[in-house]
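Comments concern the structure below.
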Amino acid sequence: MFTFLRDSIQKHFLKADIQASAFDSFYQQLLESSYPQHSKEVQGHSLPCYNLLSPNESKQLANYLQGLDGPLLDYGCGLSFISPFLEKTVTLHGLDFSQFAIKYNRENFPNHNFKAYHLNLLPQLKPYKSILITDSLYHFDHPLKPISKIISSGSESLYWCHNFKDKNLSLIEDIKLNKESYFPSHTTELTDFTQDFSTLVTQWLDILNSQHVQEERKIYPLIWDTLEKEMKAHKAALSQKRIKRYHLKFNRI
8 MFTFLRDSIQ
18 KHFLKADIQA
28 SAFDSFYQQL
38 LESSYPQHSK
48 EVQGHSLPCY
58 NLLSPNESKQ
68 LANYLQGLDG
78 PLLDYGCGLS
88 FISPFLEKTV
98 TLHGLDFSQF
108 AIKYNRENFP
118 NHNFKAYHLN
128 LLPQLKPYKS
138 ILITDSLYHF
148 DHPLKPISKI
158 ISSGSESLYW
168 CHNFKDKNLS
178 LIEDIKLNKE
188 SYFPSHTTEL
198 TDFTQDFSTL
208 VTQWLDILNS
218 QHVQEERKIY
228 PLIWDTLEKE
238 MKAHKAALSQ
248 KRIKRYHLKF
258 NRI
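What follows is the structure, encoded as structure tokens:
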């Protein structure tokens, strides 16, 4: 998700249904703009609203997804970019608070299940063999707490992509040093994608300065203005070493 758009919404204390409406407009303009085309150029995929995934991140995530079977929960599924990666033995259950995203997913991926859901609430987790959380725990001030709760639900594996920034930056070291305290029943794999993330930010800033995008942002200001503010904020945080990009995979022992 675009964190600047999210933070702008939360800053004004909008209700969940208004938040969902804002993302509905965002998703719709995203698909109409040239964003998916540029995403494919720099990231190797046209995954709407998943601009943070570098090619190496997508490859690692795809490898995880292709090894799954049984029921999978995608918490904060957005426009369900993961559906094409899944084997037929996987039953996907996608949750998102955008009605536009849910309608889009049901039309484009009819073999899977999608439901509108308030993402500040953890769903019933016992039916899911595997869980994916891609840049969706910003609804929680302390993301390690819901992760710990999810891990204890009995699922065999969990894959978590997250930008650790500012007050949450120390969580990575906490996980490294206190893994057995946090996750005694799971192995933990951490992959640092901060350098890939930094390269991606630079590439997006170059695209934003292109003449084509400068002209198109008059038509789709929500998309390009949001992305520009997001990438400039990331660049500043990277230069001050206030942000790290990690993927974490948990497997039950």
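Each number in the working numbering corresponds to the 1-based position in the sequence shown with 7 added.
Note that the Cβ used here is the ideal one computed from N, Cα and C, for glycine as well.
Rounded straight-line distance, which links the Cα of residue j to that of residue i
i: residue 33; j: residue 73; result: 29 Å
i: residue 107; j: residue 90; result: 17 Å
i: residue 220; j: residue 137; result: 39 Å
i: residue 182; j: residue 259; result: 16 Å
i: residue 60; j: residue 239; result: 17 Å
i: residue 103; j: residue 132; result: 15 Å
i: residue 67; j: residue 186; result: 22 Å
i: residue 46; j: residue 247; result: 26 Å
i: residue 100; j: residue 85; result: 12 Å
i: residue 120; j: residue 44; result: 27 Å
i: residue 96; j: residue 151; result: 30 Å
Counterpart residues of residue i in DSSP-defined beta bridges
i: residue 208; result: Its beta-bridge partners do not exist; DSSP assigns none.
i: residue 258; result: 164, 194
i: residue 37; result: Residue 37 is not bridged to any residue.
i: residue 122; result: 102
i: residue 199; result: 253
Element boundaries [beta strand (DSSP E), containing residue i]
i: residue 71; result: That residue, residue 71, is in no beta strand (DSSP E); its alpha helix (DSSP H) goes 62 to 73.
i: residue 82; result: 77 to 82
Continuous alpha helix (DSSP H) stretch holding residue i: start and end
i: residue 233; result: 228 to 246
i: residue 43; result: 42 to 50
i: residue 222; result: 218 to 223
Simplified DSSP state of residue i, which is helix, strand or coil
i: residue 252; result: strand
Self-check item: Within the stretch 138 to 196, ranges of the beta strand (DSSP E) (whole runs, at least 3 residues)
Solution: Runs found: 164 to 172.
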